[in-house]
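S.K.:
In my numbering, the protein residues as written are 11 to 327.
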């Protein structure tokens, strides 16, 4: 479910020092590498037939990283929210500093503004097959060309929180841990508190000039249900889970976080979705680590804090 998040408040200063095309061993797509920060930040542009635009991916490289190394590295995927981009987690989320010198390859892929981290029911020409691009072509490219290992975790915010839980559920066993920060976890959420899920879904589709049915198929149909994270929770048995949300209420916590006058209806919505998912997981007997924060809102202050707090949990062997 696409829930809009704020665009970058300031542009990330990029130093273009190197660019070269390469062929992925697992596909015929051309891959261009752009070094943003020598030895640390590497951008990929993948000319994939699976999606309607060049696929952008940002990598944070671990200390001592080399594509020619005999070893492989653990992987952490970080997914952005609706209306965001592959640069969000470094430009606004401070991921470079938060992850620091950890021995992990961080993967931050782009997705369409209303993709929902899924293959569209009516993919169109050119297609919108974002799940196939991320979990197929990109996953294989990282393993074959960038020394990605088997130990992987995934996390995301807002639309990306639903994407992280959805990918972990639809590819069982691939991710040892999954985290959702203010995640869009239920396409059928009726609202109260907050807005109905369909408000965001329909708004996202409209912003892309398409109908909801082109993305999800008929509302309530099999395809709609397949891509509703709430209905995939049973497949997460054996995956370490971390769900965090604010409640979007007006007020301030002890640290001064929040707005004393205004509620945040988007965060109220994901609060309702998250607490329902926690109840569902409890009924399924699936353990989950939960953080519900009074007065916290749908913003980067919230998501930065949760990445810091959940990082050890996500990277645990």
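We put the CB at the ideal spot given by N, CA and C, even for glycine.
Return the chain-ordered list of same chain residues with a C-beta closer than 6 Å to the C-beta of residue 299, the five sequence neighbours on each side being excluded.
M.R.: Translated into positions along the chain shown, residue 299 becomes position 289. Around residue 299: 252.
S.K.: Return the chain-ordered list of same chain residues with a C-beta closer than 7 Å to the C-beta of residue 57, the five sequence neighbours on each side being excluded.
M.R.: Position 47 of the chain shown, counted from the start, is the residue given in the question as residue 57. Counting only Cβ-Cβ distances below 7 Å, and skipping sequence neighbours, we find 39, 40, 64.
S.K.: Label residue 318 either buried or exposed according to how many other C-beta atoms from any shown protein chain fall within 10 Å of its C-beta, with 16 as the threshold for buried.
M.R.: In the chain shown, residue 318 corresponds to position 308, counting from 1. It counts as exposed.
S.K.: Using a C-beta cutoff of 8 Å, does residue 171 count as contacting chain D?
M.R.: Within the model displayed, chain D is absent; a lone protein chain is all it includes.
S.K.: Using 8 Å as the threshold, is the C-beta distance between residue 170 and residue 90 below it?
M.R.: As a first step, residue 170 is located in the chain shown; it is residue number 160 there, counting from the start. As a first step, residue 90 is located in the chain shown; it is residue number 80 there, counting from the start. It is a contact, given that the beta carbons lie within the stated cut-off.
S.K.: With DSSP as the reference, label residue 130 as helix, strand or coil.
M.R.: Sequence index remark: in the chain shown, residue 130 carries index 120 (1-based). Looking at residue 130 - three-state DSSP - the assignment turns out to be coil, as it is neither helix nor strand.
S.K.: With H, G and I counted as helix, E and B as strand and the rest as coil, what does DSSP make of residue 319?
M.R.: Counting from 1 along the chain shown, the entry for residue 319 is found at position 309. Helix, per DSSP.
S.K.: What is the DSSP secondary structure of residue 274, counted as helix, strand or coil?
M.R.: Here residue 274 refers to the residue found at position 264 of the chain shown. In this structure, residue 274 counts as coil in the three-state DSSP scheme.
S.K.: Rounded to whole angstroms, what's the CA-CA distance from residue 177 to residue 48? Just pull it up for me.
M.R.: For this step, residue 177 is matched to residue 167 along the chain shown. For this step, residue 48 is matched to residue 38 along the chain shown. Each residue's alpha carbon lies about 31 Å from the other.
S.K.: Would you say residue 281 and residue 256 are within 8 Å of each other, going by their C-beta atoms?
M.R.: Counted from its first residue, the chain shown places residue 281 at position 271. Counted from its first residue, the chain shown places residue 256 at position 246. It is a contact, given that the beta carbons lie within the stated cut-off.
S.K.: Can you name the start and end residues of the alpha helix (DSSP H) that residue 175 belongs to?
M.R.: One-based indexing of the chain shown puts residue 175 at position 165. 169-180 is the extent of the alpha helix (DSSP H) around residue 175.
S.K.: Specify whether the stretch 235-250 and the stretch 301-316 touch according to this definition: at least 3 beta carbon pairs, one from each stretch, less than 8 Å apart.
M.R.: With a cut-off of 8 Å, the stretch 301-316 and the stretch 235-250 do not count as touching, because too few Cβ pairs lie within range.
S.K.: Smallest Cα separation from residue 259: which of 55, 203, 219?
M.R.: Here residue 259 corresponds to residue number 249 of the chain shown, with the count starting at 1. Measuring from the Cα of residue 259, the nearest candidate turns out to be 203.
S.K.: Within the continuous alpha helix (DSSP H) that includes residue 217, where are the two ends?
M.R.: In the chain shown, residue 217 corresponds to position 207, counting from 1. It spans 207-217 - the alpha helix (DSSP H) in which residue 217 sits, taken as one unbroken run.
S.K.: In chain order, which continuous runs of the alpha helix (DSSP H) of length 4 or greater are located wholly inside the stretch 76-162?
M.R.: Runs found: 98-101, 105-109, 149-155.
S.K.: What span of residues does the beta strand (DSSP E) with residue 40 cover, start to end?
M.R.: Walking along the chain shown from the start, residue 40 turns up at place 30. Segment 40-47, the beta strand (DSSP E) holding residue 40.
S.K.: With distance defined between alpha-carbon atoms, name the residue in 325, 301, 215 nearest to residue 315.
M.R.: Working through the chain shown from its first residue, we reach residue 315 at position 305. Ranking the options by Cα distance to residue 315, first place goes to 301.
S.K.: Closer than 8 Å by C-beta to residue 157: which residues in its own chain qualify, once you throw out the five before and the five after it? Chain order, please.
M.R.: Taking the first residue of the chain shown as 1, we reach residue 157 at position 147. Counting only Cβ-Cβ distances below 8 Å, and skipping sequence neighbours, we find 75, 76, 77, 79, 81, 82, 83, 115.
S.K.: Output needed for residue 286: all residues of its chain with C-beta closer than 8 Å, excluding positions within five of it in sequence on either side, in chain order.
M.R.: For this step, residue 286 is matched to residue 276 along the chain shown. If we look at residue 286 and ignore the five residues flanking it on each side, its Cβ neighbours are 195, 196, 199, 240.
S.K.: Can you give the Cα-Cα distance for residue 222 and residue 135, rounded to whole angstroms?
M.R.: As a working mapping, residue 222 is identified with position 212 in the chain shown. As a working mapping, residue 135 is identified with position 125 in the chain shown. Looking at the two C-alpha atoms, the distance is approximately 17 Å.
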